[in-house]
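Last residue of the sequence shown: 693 (the numbering used here), numbering continuous.
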Amino acid sequence: PADVERVWVQEEPLNMGAAAFVKQQLGDCHLQLIGRPASGVTAEGLTAQHKINQAAIIQQAIDIATH
């Protein structure tokens, strides 16, 4: 249905993982993507930064689920 909100959440950068594949499979359907920004590496390199980014991804997903 057109009025369904579709959201894909992943912890990998959006240019890695399944986000691009899922978006392609859904065709013209609007899909909101939540994840780390596109990057050439899979991890931030600093544990503290990883925890900050992970918390932000989780919070975005919770915000969508509870609105």
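Quick reminder that beta carbons are idealized off the backbone N, C-alpha and C, glycines included.
- The alpha carbon of N641 has as its nearest neighbour, out of V667, A681, V633, the alpha carbon of V667.
- By the Cβ neighbour-count rule, P663 is exposed, with fewer than 16 other Cβ atoms within 10 Å of its own.
- DSSP, read as helix, strand or coil, puts V635 in strand.
- In the pairwise beta carbon analysis, the region 641 to 660 is classified as not touching the region 669 to 678: fewer than three pairs are separated by under 8 Å.
- Of the residues D654, G643, Q685, the one whose Cα lies closest to the Cα of S665 is G643.
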